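Residue numbers (my numbering), protein chains in the order written: chain A, 340 to 456; chain R, 340 to 456.
Cβ coordinates follow ideal geometry from the N, Cα and C atoms, glycine included.
Note that the coordinates shown come from a computational prediction; the quantities given were computed from them, not determined experimentally.
Have a look at the structure below, then the notes.
2 protein chains.
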Amino acid sequence: MPLYAQLTRAIRFAIATGRLRVGEQLPTVRQLAVELRVNANTVARVYAELERSGTLETRRGVGTFVSARHLDGNHHEEHEKHLQELVDRFLEEANAMGFSVDDLLDQLQSRRKKEPN
Amino acid sequence: MPLYAQLTRAIRFAIATGRLRVGEQLPTVRQLAVELRVNANTVARVYAELERSGTLETRRGVGTFVSARHLDGNHHEEHEKHLQELVDRFLEEANAMGFSVDDLLDQLQSRRKKEPN
DNA sequence: CTACTTGTACTACCATCGTAGTACAATCCG
DNA sequence: CGGATTGTACTACGATGGTAGTACAAGTAG
Numbered sequence: 340m341p342l343y344a345q346l347t348r349a350i351r352f353a354i355a356t357g358r359l360r361v362g363e364q365l366p367t368v369r370q371l372a373v374e375l376r377v378n379a380n381t382v383a384r385v386y387a388e389l390e391r392s393g394t395l396e397t398r399r400g401v402g403t404f405v406s407a408r409h410l411d412g413n414h415h416e417e418h419e420k421h422l423q424e425l426v427d428r429f430l431e432e433a434n435a436m437g438f439s440v441d442d443l444l445d446q447l448q449s450r451r452k453k454e455p456n
Numbered sequence: 340m341p342l343y344a345q346l347t348r349a350i351r352f353a354i355a356t357g358r359l360r361v362g363e364q365l366p367t368v369r370q371l372a373v374e375l376r377v378n379a380n381t382v383a384r385v386y387a388e389l390e391r392s393g394t395l396e397t398r399r400g401v402g403t404f405v406s407a408r409h410l411d412g413n414h415h416e417e418h419e420k421h422l423q424e425l426v427d428r429f430l431e432e433a434n435a436m437g438f439s440v441d442d443l444l445d446q447l448q449s450r451r452k453k454e455p456n
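Shown next as structure tokens:
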């Protein structure tokens, strides 16, 4: 998995689990780049993408921060839509492999007990 | 989505839904290539991959056929394993987006009523 | 054996993607 | 204003992936 995708996922996860809170500042593009031994541009792209999707806010000369936008109602609806799309892709793939919705449900339910997220 | 992936999926689907039965012959590599306006090699790669995974059997000079192997017990176990892997990937992605297993279950269950596969 | 049909190996080309390098622009702060 | 800090645009390079072209190999059928 490419670096930028890993980073995106990591930040999203940190926010989703509360390890990064609304308003909190993220490391500077360059700081994080050095720390991760990655080009500054790669970090910048991630920040930019997350800004487009409304999870971050960036102010030049200051830094990048966790946006509050993903708490309002509109964003919740969008989030729901993303879940639906994810499930769509999932179903399609499973379908091509010959699995039914019920198969998936069974499998998921057995996970629920093992690793309750 | 690349041609070879589309084709793979289509064949898998056809077999899973019974539109292609065990023992039945598939079009020749070249036939299908012409029909789909695709290079013969692309079709060949798909056939080869499906043979490796045990869904097809190929006999030079004769043709390619739907294998019976995917009906036996071993293959069922493998199939199960693939399902687990698929669910793993799915869970990881959903997790990175901040969804819990329960969210997914809800979403899936609402699908079950609408499009019963 | 020979002609024909089948799948296959090898190669090369083109597009796309991911990343890095460098130079630029906006903002802050003294 | 002017230096420092922030994010950003542009470019280029390397790697990978997908497809096509061509030539080959294995098997069948007469």
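Excluding the 5 residues flanking it on each side, Glu390 of chain A has same chain C-beta neighbours closer than 7 Å at Glu396, Thr397, in chain order. The beta carbon of Asp411 of chain R does not come within 9 Å of any beta carbon belonging to chain A, so the residue lies off that interface. In this structure, the CA atom of Thr367 of chain R is about 15 Å from the CA atom of Thr347 of chain R. If you check the CB distance, Leu365 of chain R and Tyr343 of chain R do not come in under 9 Å. Per DSSP, the beta-bridge partners of Phe404 of chain R are R:Gln364, R:Glu396. Less than 9 Å separates the beta-carbon of Leu443 of chain A from that of Ala433 of chain A. Shortest Cα-Cα distance from Arg399 of chain R to any of R:His414, R:Ala407, R:Val440, R:Ala383 involves R:Ala383. The beta-carbon of Phe404 of chain R is placed no less than 9 Å from the nearest beta-carbon of chain A. In the three-state reduction of the DSSP assignment, Leu359 of chain A falls in the coil class, being assigned neither a helical nor a strand state. Taking a C-beta cut-off of 7 Å against chain R, the contacting residues of the stretch 354-368 of chain A are Ala355, listed in chain order.
The Cβ atoms of Glu363 of chain A and Val405 of chain A sit closer than 9 Å to each other. Taking a C-beta distance under 9 Å as the contact criterion, His415 of chain R and Gly393 of chain R do not qualify as a contact pair. Listed along chain A, the residues sitting closer than 7 Å to Glu432 of chain R by beta-carbon distance are Leu425. Taking a Cβ-Cβ threshold of 7 Å, the residues of chain R close to Ala435 of chain A are Arg348, Arg351, Phe352, in chain order.
Looking at the backbone, the Cα of Leu371 of chain R and that of Asn378 of chain R are separated by about 9 Å. Membership of Arg428 of chain R in the alpha helix (DSSP H) is indicated by the continuous run 412-435.
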